[in-house]
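The structure under discussion appears below in the form of structure tokens.
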Amino acid sequence: PAGASESRRLTVTAAADLRHNETVYANVADSITDFAVSPDGAHIAFIARGEVFVTSTKHGDTRRLTNTPEQERSVSFHPGGRGVLYASERGGSWNLYRTDLTDDDEPTFSLATAWEEKPVLVTELETFQPHYSPDGKEIAYLEQRTTLKVLNLESGESRTVLPSDMNYSYVDGDQWYEWSPDGKWFLVSFLSPTRWSFEAGLVASSGDGELINLSRSGYEDYSPRWALGGEAVYWFTDRHGTRQHSGWPSHFDVQATFLTQKAWDRFHLSESEVELYDEQNKEDEEESDDEDGDDKGKEEKKGDKDDEDKKDSDEIELPDPVELELDDLEDRTRRLTLHSSQISDAVITPDGEKIVYAARFEKGVNLWLYTPRKNEVKMLAKLDAKAFSGMTLDTEGDTAYVLADGSIRSIAVDGGKVKPVKLQAKINLDAAAERAYLFEHMWRQTREKFLVEDMHGVDWDLYRSAYARFLPHIDNNRDLAELVTEMQGELNASHMGCYVRHNDPRGDATASLGFFPDPEWEGEGVQIAAILDGGPLEKAGADIQTGTVITAINGTEIAAGANWYPMLNRKAGELVRVSLLDPESGTAWSTTVKPISLRAERELLYWRWVRSRRAEVDRLSGGRIGYAHIRTMSDSRYREIFEDIFGKATEKQAIILDTRFNNGGNLVEALTVLLTGEMYARQVVPPGRLVGSEPTHRWTKPSIVVMNEGNYSDAHCFPAAYTELEIGETVGTQVPGTCSAVWWETLQDKTLYFGIPQVGQMDNDGDLLENKHLDPDHWVDNDPEFEAKGQDQQLEKAVEVMLAQLGG
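Be aware that the sequence shown starts at 1423, since it is given in my numbering, and climbs by one per residue.
Laid out in structure tokens, this is it:
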């Protein structure tokens, strides 16, 4: 009340309706992330939205086997076909589970009504990526992401096959292993010692043998697989393909090693020779069978009872073990594909006569068929897939099943006919329960994979409780992402946070005409202060100049001070009529232009800034110093600065490499090599004319780096390496310590993703560069007042330092 001398607390109750339904009926058939084909090819087990389903490949009858808010992944069929194995993140850890049919009268999952889930291995350790052994008696799995172990189902004991120090898991699912058909061996991918690079290996499943390096190339060799019933191995290699300047491979091949001389000899026969070879081997086998006939007769006398017992047992008949010939493997290794390409996956038919591979040559990933004996390549099926997730063949090699763009399709190897696999994947999604799980998952993943074990000294358990209490009050993904971002922020690290991917096809998309409007213009329309080079208004014959006024767009007049941007909504790439006026002469006219997207406009603005910086360096240095800006640490940007250096500045006496506002990537090694060239030879022709020098692809003259607080990630790693190697001096402001490697994980709700800095970069002093800032040799902080006038004090200082180094 008025005049009251004391305040008092009021209780206010605010009522609010939920903005979203917490239980949602959803069809997730187009969101499949993993699949496995049953041994008889009649069923496919798959994961969609973190749930396990099984469907009939012929009829599309589907059964949902799990119903949990937590995530399941990595499905594997029991060799007998009546069980499915998978991993699930429940009870605070990843563990192994199986679901088996329980009614003997129901032979298939797709029509079953009775099944039971049982835990296979539940520990506090992370265990996932399970696969049944060929006889179904054992299960291979990964412990703590990198240790390959085998669980014996009868004894319950596990043995180590490949220890954890042979690998590092950057992304969940990046580890690879495969049982041999006879169950005696594993093919594995493993890290080359001291190099973050994969090799293909062979190791005994008993855990007793030594790891055998099959590839030994030093290039990327990964995902080795069995072929020819265990007599050959093939994997993917970038040994023969092109590589990016950033160091990443871009083109791969399929390479094979033949583990027996017999398989190697047969592979090199012509079509006519192989027919004769197979016929002769068939006759030899028949003669051997005849010689063993008496023994077989004795075995048959055991009676029908033994046959019935064997038929009714769970025994899986395995192929005879292959006697591997492991000496001189390099002499039996061959590149299988005819040319390198952006291969996503490949499978070899059981007879070894065909290679089916998925590769991107143009817009999307398509399926290709290569017949080595004929040396013939042809497109098998046009998929135009944006994302290709995996492929497998049925046991006969007649049908390829592919997972692409979230859906499973079957492709006939003979003819390439494509059919979508009929399936159902409908769920009642408990959104609140799933959000609670996703929060827990992100908290746990951060704990498991953070780059330092002590979590930067933070009590991570405490913050889990502190932030989890808000979950009951959150009903949408944006708030969940904000909550996780705030929680991760307690770690004081880079490359963190949770984000929402938003793509509304009905959303606004304002286009641009590519000009700067004059803010001082007060009349009708909008006056052009400057036109962007390469923009829509730079049109031959349009006669649009600085000072021209746009009075109307598509016939709609622009009133004085009006917001005219909605007139360009969703107009990018479309013809638009603009009405124009020369205010000095009074001349009015109109023309048509095609507006561009705001992203395209930002690209024009960027190049406008680069050109102005280059011109400023040229002016300040009297033409003696070149300039290049690298905006990201990527292959394409390296090619841009290579052009700037050797195309535009090759005759300059020094180069300024501007890294300001660079958000990172992976280019440190390439840049440091580029800038540390030392001339060791010159090429001359009569009469003593200099035509070249070596090295030809490295800068052999002085350089200087400009950096600022906008440098991030690899853009911190590079000036740190540049300083450590004493290549040159640095100018600008302090760069925050963000030099670490991140994994951005997409969640089972694919609109959400989050980051974890996982790999730290350690300098020669033994310090992690994460949170260790880098100060420049010459500290210059641009004054905004001068920047507004176009003056770049950091660039001025860089030129000054370089000129002093050059001697005036």
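We put the CB at the ideal spot given by N, CA and C, even for glycine.
Model, not experiment: these values are computed from the prediction.
For residue j and residue i, the rounded distance between their alpha carbons
| i | j | result |
| --- | --- | --- |
| Arg2024 | Gly2069 | 24 Å |
| Val2107 | Met2101 | 18 Å |
| Ser1672 | Gln1597 | 20 Å |
| Asp2197 | Thr2168 | 35 Å |
| Arg1495 | Glu1473 | 8 Å |
| Gln1493 | Ile1466 | 19 Å |
| Val1450 | Phe1612 | 35 Å |
| His1662 | Ser1762 | 7 Å |
| Asn2193 | Leu1609 | 40 Å |
| Gln1702 | Val1696 | 10 Å |
| Lys1733 | Leu1740 | With a pLDDT of 39 at Lys1733, under the threshold of 50, the modelled position of that residue is not reliable, and no figure is offered here. |
| Glu1981 | His1895 | The residue you asked about is not Glu; residue 1981 is Ala in the sequence shown. One C-alpha to the other measures close to 46 Å. |
| Tyr1656 | Thr1817 | 18 Å |
| Ser2043 | Ala2037 | 10 Å |
| Trp1670 | Trp1537 | 46 Å |
| Val1840 | Thr1814 | 14 Å |
| Gly1911 | Glu2218 | 37 Å |
| Pro1646 | Glu1600 | 8 Å |
| Glu1946 | Phe2083 | 38 Å |
Residue i vs residue j beta-carbon contact at 9 Å
| i | j | result |
| --- | --- | --- |
| Gly1482 | Asp1557 | no |
| Ile1770 | Thr1793 | no |
| Met1864 | Val1906 | yes |
| Gly1977 | Arg1992 | no |
| Gly2087 | Arg2059 | yes |
| Val1971 | Pro2005 | yes |
| Leu1570 | Leu1584 | yes |
| Leu1893 | Ala1858 | yes |
| Ile2047 | Met2224 | yes |
| Asn1899 | Asp2171 | yes |
| Ser1916 | Tyr2134 | yes |
| Gly1651 | Pro1491 | no |
| Thr1521 | Val1506 | yes |
Among the options, the one whose alpha carbon lies nearest that of residue i
| i | options | result |
| --- | --- | --- |
| Gly1936 | Ile2178, Leu1959 and Phe2176 | Leu1959 |
| Val2127 | Gly2188, His2051, Asn1635 and Ser2019 | His2051 |
| Leu2147 | Leu2093, Glu1745, Asp1594 and Cys2161 | Leu2093 |
| Arg1471 | Asp1462, Asp1456 and Ala1933 | Asp1456 |
| Asp2080 | Trp1537, Glu2006 and Gly2132 | Gly2132 |
| Gly2233 | Gln1949, Val1744 and Ala2010 | Outside the shown range of the chain, which is 1423 to 2230, sits residue 2233, and nothing can be said about it. |
| Thr1582 | Ala1626, Tyr1554 and Ser1555 | Ala1626 |
| Asn1914 | Val1880, Trp2201 and Phe2176 | Val1880 |
| Arg1485 | Asn2204, Lys1844 and Ile2077 | Lys1844 |
| Ala1622 | Glu1642, Trp1607 and Gln1846 | Glu1642 |
| Val2030 | Leu2003, Ile1953, Met1909 and Leu1860 | The identity of residue 2030 in the sequence shown is Arg, whereas the question assumes Val. Closest option to Arg2030, Cα to Cα, is Ile1953. |
| Thr1973 | Trp1986, Ala1458 and Gly1963 | Trp1986 |
| Gly2150 | Lys1480, Leu1624, Ala2220 and Ile1454 | Ala2220 |
| Tyr1508 | Thr1530, Asp1526, Ala1562 and Gln2216 | Ala1562 |
| Ser1829 | Glu1444, Ile1454 and His1924 | Ile1454 |
| Trp1618 | Val2181, Ile1833, Glu2207 and Asp2203 | Val2181 |
| Asp1767 | Leu1624, Asn1788 and Glu1747 | Asn1788 |
Presumed contact (8 Å Cβ cut-off) between residue i and residue j, rounded CB distance
| i | j | result |
| --- | --- | --- |
| Leu1758 | Val1676 | 4 Å |
| Leu1403 | Arg2104 | Residue 1403 cannot be examined here, being either before or after the span of the chain that is shown, 1423 to 2230. |
| Ala1807 | Gly1786 | 5 Å |
| Pro2124 | Gln2213 | Not a contact, Cβ separation roughly 24 Å. |
| Asn2085 | Ala2163 | Not quite, the Cβ-Cβ distance comes to about 14 Å (not below 8 Å), so this is no contact. |
| Ile2078 | Trp2121 | Going by Cβ atoms, the distance from Ile2078 to Trp2121 rounds to 12 Å, so no, they are not a contact pair. |
| Phe2018 | Gly1957 | A small correction: the amino acid at residue 2018 is Ile; Phe does not occupy that position in the sequence shown. Right, their Cβ atoms sit about 7 Å apart. |
| Leu1791 | Leu1802 | 4 Å |
| Leu1851 | Val1446 | 5 Å |
| Pro2158 | His2195 | 6 Å |
Which residues DSSP lists as bridging residue i, in chain order
| i | result |
| --- | --- |
| Leu1624 | Leu1609 and Ile1634 |
| Asn1449 | Lys1848 |
| Glu2240 | Since the first residue of the chain shown is 1423 and the last is 2230, residue 2240 is not available in this structure. |
| Met2129 | Gly2154 |
| Arg1647 | Tyr1656 |
| Cys1920 | Phe2176 |
| Met2055 | Gly2087 |
| Glu1538 | Asp1522 |
| Tyr1792 | Ile1777 and Val1799 |
| Gly1482 | For Gly1482, which the question treats as bridged, DSSP gives no partner whatsoever. |
Test: residue i CB closer than 9 Å to a CB of chain C
| i | result |
| --- | --- |
| Leu1748 | The displayed structure is made up of one protein chain only, and chain C is not part of it. |
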